[in-house]
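Protein chains in written order, with the working numbering: chain A, 19 to 556; chain B, 22 to 363. Worksheet for the structure shown next.
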Amino acid sequence: MSFIQSKRLLWIAAALVVSVAATPSHAQSRAETLRYITGASVNTLDPNIPGSTREAFAVSLSTYDRLVSFGRKQLNGKWVFDLDTITGELAESYDISPDGLKITLRLRKDAKFQDGTPVTADDVKWSLDRAVTAPVLGKAQLLTGSLTSADQFKVIDPLTIEITLPKPDKLALPNLATVYPIIINSKVAKANATAEDPWATAWLKEHTAGSGAYVIETFKPGEQVIMKRNEAWNRGTTDKAAFFKRVIIQSVPEPSTRANLVERGDADIVVDLQASDVQALEAKGTLRVISTPQYNSVTFVSMNNRIPPFDNVNVRRAIAYALPYDAMFKAALFGRGAPLFGATWADGKPPSGAYPIPQPVKLDLDKAREYLKAAGLPEGFSTTFSFNVGQASTAEPMAALVKESLDKIGIKVDIQKLPDAQMSTQINEKKLPFFTEGIVAWLPSTDYFYRNFYTGNQRWNYSSIDNAELTAVAQEARFESDKAKYEEDGKKLNAIHFSEMPQVMLWQPAQDAVMASSIQGYTYQFHRQVDYRDLSRK
Amino acid sequence: MAFGATIIRAGRRLLSSLPALFGVLVFTFLLMRVLPGDPAVFFASGPNAGKEEIELIRKQMGLDKPIPNQLLLYLSDVGRGNLGRSMMTGQQVTKDLRERLPASLELTLSALLIALISAVPLGVVAALKPGSIIDHGVRLFCSLGVCVPTFVSGLLLIYVFYYLLGLAPDPTGRVDIFASLPPSKTGFLLIDFLLVGDFEGWWAAFRQLILPAISMALFVIAPLARITRASMLVSLGSDFVRTARSVGLSRWSTVVTYALRNAILPVITIAGIVFSTMLGANVLVEKVFSWPGVASYALDALLASDYAPVQGFVLLMASVFVIVNLVVDVLYGIADPRVTIT
């Protein structure tokens, strides 16, 4: 071929060789820098802004403190967040009154905002008021912990704040540990508020005024965020500042590139690789792969309980026995996660009141045919099965298997791959008959799951189930303080779920954190992101 | 031809393209609203986001008003240079585009340059010996280039030069993530680094640019080389080349001065079209190399039904197309003084 072409290639090759010979000048800073790569992006510095991404949550957890945070515990040898241990973050200690109606929080005396001013109870009050009053996402979340009005927050003295509850609510305190009730430097925020925007939402979207472990150095929405350590922060697990001097959070949309980067040691940690890449990297054994089933999430096949023929419980049961669970689990997740099928319930009753628990269903086409006959549809029917493009890598092989298997009992399935926005619109309008989705709860208690995902007419009630008994038990369980009774309520709810089969639980996908072998301290967090403050380098 | 007259004519050409741009504006606006998918529902996707949040976002995006009102508001905003706010990045679309356009332009221009300096000689060589081994070789190379999609060649290049050989820098972004950026004057990193005399930085940016530019160039070498070849064949067979040969002019001067200069017009036309399409179509390359350009931005916005950025992007592309066409016409005048802009 052409001489010119080959000469040009030679020249490029030469240039590349020279460039390698020049040693990288940033070698020293690497050890003290954490480079986190992700397929998504950080789009706001205030987690409360509608549309904020999970990556944005992880950033705000590092730049802002909350009053309290979750402890951690071991689950099958891996660190996960612990809903039942609430430790102080800005609060040094807290008390709950015997009647459960008052929470008193005492602030640390040495806590300072990043501008050097002390954190006061006034700042806390302003921040909590904002979370329940301003048009922000925190409002809907805090509602689940009976925190709804600014009157509930009272400044007792500069270091003490009191929260009053209308009813004893065991989710009130855990709610303060979620990503939304960040404690903001109210003086700075007020200085940047306007008449139309008294809570400074516009300003805080692009600036931070917190007391957290990291300070924003550069913020390029959709590209990268670089944070540097707040040396004055001493609220780490060992009462020290965070380990890494700098943290780089970078968007790398191509999943195979993310895998390459972490394998070659250019990136330190990544949590959203494709299952196939994780498996390959794990097999090579040079990286640390921590695979935690996302125990606060569930993937399921949902059926709209109001659209025929899915309004017939026997049709739903038929589907539950016609899904090729094992094949789906292997094809979609390479078996990475915790299956929620194939259990045996002794005497047919749920063994536990936790949610979710493995269901006693498995592929059994004869049983499925029987249920179809009982539903009066022995010949089957036609329907569509939908999933969104964003989940195509796992949902596409799944959908093909669903189609193939249901075809055997006469149900003709038309696969619909919808753009994410279209899928969420149709779900919200309750128009999809049969689809796959996933749910996550930050505060994974049984009643919380059932209230949010199985009652009411809201969007998250994917199956549109309306069962009076289920609703009543879930509401009652919310304020049940007796542990044994709560467990009984949970069992009742699980039994209703199994007999009504509003949707079919499939599995809890694994969160695969792949990191350089030198990285330590990774903990699976409720927001399914990396808490940069947990990590250190050996 | 006077330089001033060219400027005036160019200005008139730009003015006459305004109605077309207006049409693009209105069409995109309506198209976005016809597409299924409610952006408010999509963006209210956080845990517990209910009806109230959806309404809030709808209001923020101005979707609570009837469509004719929305259109009028949008047009008056655009008239004042405001393209709206992106829900995805939370920034003004004009700001996003201003930051990202130079990245795309730098990549596309480099790719086009690589494509031209490889394609034109290839086409010329092929045309000089039609039907020979060289001609077939060029054809094979072009076919390979055009039939391998850009993301495949991109991933292959990354695999070989970054993953296997470790020669290329990590394929993310425009410059090494640990390097410091020059003050942004033009937005073109290669120029900005030169302006502050930071050659190390320039080299880093240049290394980062090579792989994506090559994978884009590979894809467009084919049309450019084929056009050069065809046009050169015509030119080489024409009377004036035969005359030039017969009066004993050197081979170089015959081929380059007489034949190529006459053959280059269609190449310029195609190069213009190729450039405009590359700018919009390089989304895959931008994705593969995490390049912060406009095309990947527009694709993300489209998937999220984020109206403002998509509308802004289409308007930008239309404007670029108008400008590129104008530049092509001006280049025509330089290549062949008989051609004037009308």
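Cβ atoms here follow ideal geometry from the backbone N, Cα and C, with glycine treated the same way. These numbers come from a predicted model, not from an experiment.
Handout entry: Residue from Val333/A, Leu424/A, Phe399/A with nearest C-alpha to Ala392/A
Key = Position 374 of the first sequence, counting from 1, holds the residue named residue 392/A. Per the Cα distances, Val333/A.
Practice task
Give a yes or no on whether the minimum CB-CB distance between Pro153/A and chain C is below 9 Å.
Solution key: Included in the structure are the protein chains A and B, with no chain C among them.
Practice task
For His44/A, decide whether its Cβ has a neighbour in chain B, counting only Cβ atoms nearer than 9 Å.
Solution key: For the purposes of this step, residue 44/A is identified with residue 26 of the first sequence, where counting begins at 1. Note that His44/A has pLDDT 46, beneath the 50 cutoff, so the model's placement of it is unreliable and no number is given.
Problem - With 16 other Cβ atoms within 10 Å as the buried cut-off, status of Pro287/B - result: Numbered from 1 along the second sequence, position 266 holds the residue referred to as residue 287/B. With fewer than 16 other Cβ atoms within 10 Å, it is exposed.
Problem - Delimiting residues of the beta strand (DSSP E) encompassing Gln297/A - result: The count along the first sequence starts at 1 and reaches residue 297/A at position 279. Per DSSP, Gln297/A belongs to no beta strand (DSSP E); it is in the alpha helix (DSSP H), 293 to 302.
Problem - Beta-carbon neighbours of Gly111/B, restricted to chain A and to distances below 8 Å - result: Walking along the second sequence from the start, residue 111/B turns up at place 90. Asn61, Thr62, Ile67, Gly69, Lys223, Glu224, Pro239, listed in chain order.
Handout entry: Where the alpha helix (DSSP H) containing Val181/B begins and where it ends
Key = Counting from 1 along the second sequence, the entry for residue 181/B is found at position 160. Note, Val181/B: premise wrong, no alpha helix (DSSP H); not H, not E.
Problem - CB contact flag (Val276/B, Val141/B, <9 Å) - result: By one-based count along the second sequence, residue 276/B stands at place 255. By one-based count along the second sequence, residue 141/B stands at place 120. Cβ distance not < 9 Å, so Val276/B and Val141/B don't count as in contact.
Problem - alpha helix (DSSP H) segment containing Phe471/A, residue limits - result: The sequence position of residue 471/A within the first sequence is 453, counting from 1. Counting along the chain, the alpha helix (DSSP H) containing Phe471/A begins and ends at 464 to 472.
Practice task
For the beta strand (DSSP E) containing Leu436/A, list its first residue and its last residue.
Solution key: What you label residue 436/A is simply residue 418 of the first sequence in a count that begins at 1. From DSSP, the beta strand (DSSP E) with Leu436/A extends over 430 to 436.
Problem - Residues that Gln268/A contacts on chain B, provided the C-beta gap is smaller than 9 Å - result: Here residue 268/A refers to the residue found at position 250 of the first sequence. Here the neighbours are Thr193, Gly194, Ile198, Ser311.
Handout entry: Classification of Ser535/A by the beta-carbon crowding that lies within 10 angstroms, buried from 16 upward
Key = Here residue 535/A corresponds to residue number 517 of the first sequence, with the count starting at 1. Looking at its Cβ environment, which holds fewer than 16 other Cβ atoms inside 10 Å, Ser535/A is exposed.
Exercise for the section: Please decide whether Asp113/A counts as near chain B, where near means a Cβ-Cβ distance under 9 Å. Expected result: Stepping through the first sequence from its first residue, residue 113/A is reached at position 95. No, because no Cβ of chain B sits closer than 9 Å to the Cβ of Asp113/A.
Handout entry: chain A contact residues for Asp59/B, given Cβ-Cβ distances below 8 Å
Key = By one-based count along the second sequence, residue 59/B stands at place 38. Ala439, Ser442, Thr443, Asn446, listed in chain order.
Practice task
Determine the DSSP secondary structure at Val38/A, reduced to helix, strand or coil.
Solution key: Taking the first sequence and counting its residues from 1, the one referred to as residue 38/A is at position 20. Reliability fails at Val38/A, whose pLDDT of 43 lies under 50, so the model's placement of it is uncertain and no value is given.
Exercise for the section: Buried or exposed for Cys168/B, please, with buried defined as at least 16 other CB atoms from any protein chain shown within 10 angstroms of its CB. Expected result: Here residue 168/B corresponds to residue number 147 of the second sequence, with the count starting at 1. So Cys168/B counts as exposed.
Practice task
Check the Cβ-Cβ distances between Ala325/B and every residue of chain A, and say whether any is below 9 Å.
Solution key: Walking along the second sequence from the start, residue 325/B turns up at place 304. With 9 Å as the cut-off, Ala325/B counts as an interface residue toward chain A.
Exercise for the section: Pick helix, strand or coil for Ser554/A, following the three-state DSSP scheme. Expected result: Locating residue 554/A in the first sequence gives position 536, counting from the first residue. Ser554/A: strand per DSSP, three-state reduction.
Practice task
Would you kindly work out how many angstroms separate the C-alpha atoms of Ala231/A and Lys238/A, rounded to a whole number?
Solution key: Within the first sequence, the letter at position 213 stands for residue 231/A. Within the first sequence, the letter at position 220 stands for residue 238/A. Approximately 20 Å, taken between the alpha carbons.
Practice task
Determine the direct distance from the alpha carbon of Ala148/B to that of Asp156/B, and round the result to whole angstroms.
Solution key: Counted from its first residue, the second sequence places residue 156/B at position 135. Counted from its first residue, the second sequence places residue 148/B at position 127. If I take the Cα positions, the gap works out to 7 Å.
Exercise for the section: Buried or exposed for Glu107/A, please, with buried defined as at least 16 other CB atoms from any protein chain shown within 10 angstroms of its CB. Expected result: Here residue 107/A corresponds to residue number 89 of the first sequence, with the count starting at 1. When all chains shown are included, Glu107/A counts as buried.
Problem - Contacts that Asn278/A makes with chain B (C-beta to C-beta distance below 9 Å) - result: Against the first sequence, residue 278/A aligns to sequence position 260. The answer, in chain order, is Ile179, Tyr180, Tyr183, Tyr184, Asp191, Pro192.
Handout entry: Same chain, Cβ closer than 7 Å to Ala417/A, five either side skipped, listed in chain order
Key = The residue you call residue 417/A lines up with position 399 of the first sequence. Answer for Ala417/A: Phe403, Phe405, Ile433, listed in chain order.
Exercise for the section: Please confirm whether Arg276/A and Thr56/A have their CB atoms less than 9 Å apart. Expected result: To locate residue 276/A, count along the first sequence from 1; it is residue 258. To locate residue 56/A, count along the first sequence from 1; it is residue 38. Yes, the pair counts as a contact, with Cβ atoms nearer than the cut-off.
Handout entry: Residue-level contact to chain B via CB, Gln547/A, 9 Å cutoff
Key = Taking the first sequence and counting its residues from 1, one reaches residue 547/A at position 529. Answer no: the Cβ-Cβ gap between Gln547/A and chain B never drops below 9 Å.
Handout entry: One or two residues paired with Trp273/B in a DSSP bridge
Key = Here residue 273/B refers to the residue found at position 252 when the second sequence is read from its first residue. Trp273/B is not bridged to any residue.
Problem - Spatially closest choice to Val316/A from Leu160/A, Thr219/A, Trp460/A, Phe328/A, by CA coordinates - result: Numbered from its first residue, the first sequence carries residue 316/A at position 298. The option with the nearest alpha carbon to Val316/A is Trp460/A.
Handout entry: Rounded distance between the beta-carbons of Val306/B and Pro410/B, thought under 8 Å
Key = The first residue shown for chain B is 22 and the last is 363, placing residue 410/B beyond what the model contains.
Handout entry: Complete runs of the beta strand (DSSP E) confined to the segment 199 to 243 of chain A [at least 3 residues]
Key = 232 to 238
Handout entry: Alpha-carbon spacing of Arg34/B relative to Leu46/B, whole angstroms
Key = Along the second sequence, read from residue 1 onward, the residue named residue 34/B stands at position 13. Along the second sequence, read from residue 1 onward, the residue named residue 46/B stands at position 25. Whole-angstrom Cα-Cα distance: 19 Å.
Problem - Local Cβ density within 10 Å of Ser256/B, reported as buried at 16 or more and exposed below that - result: Working through the second sequence from its first residue, we reach residue 256/B at position 235. The residue in question, Ser256/B, is buried, as its Cβ has 16 or more Cβ neighbours within 10 Å.
Practice task
Spell out whether any CB of chain A is found under 9 Å from the CB atom of Ser317/B.
Solution key: Here residue 317/B corresponds to residue number 296 of the second sequence, with the count starting at 1. Yes, contact with chain A.
Exercise for the section: Evaluate Glu241/A with the Cβ neighbour count: other Cβ atoms within 10 Å of its Cβ, from every protein chain shown; 16 or more gives buried, anything less gives exposed. Expected result: Here residue 241/A refers to the residue found at position 223 of the first sequence. Its Cβ being crowded by 16 or more others within 10 Å, Glu241/A is buried.
Problem - Neighbouring residues, chain A, relative to Lys308/B (Cβ below 7 Å) - result: The residue labelled residue 308/B in the question sits at position 287 within the second sequence. Simply Pro271, Glu272.
Practice task
Could you name the residues of chain A that Leu176/B contacts, counting a contact when the two beta carbons are closer than 7 Å?
Solution key: On the second sequence, residue 176/B is found 155 positions in, with the first residue counted as 1. What Leu176/B touches in chain A: Ser274.
Exercise for the section: Could you say which of Gln170/A, Gly134/A, Glu50/A lies nearest to Ser145/A if we only look at CA atoms? Expected result: Translated into positions along the first sequence, residue 145/A becomes position 127. The shortest C-alpha separation from Ser145/A is found at Gln170/A.
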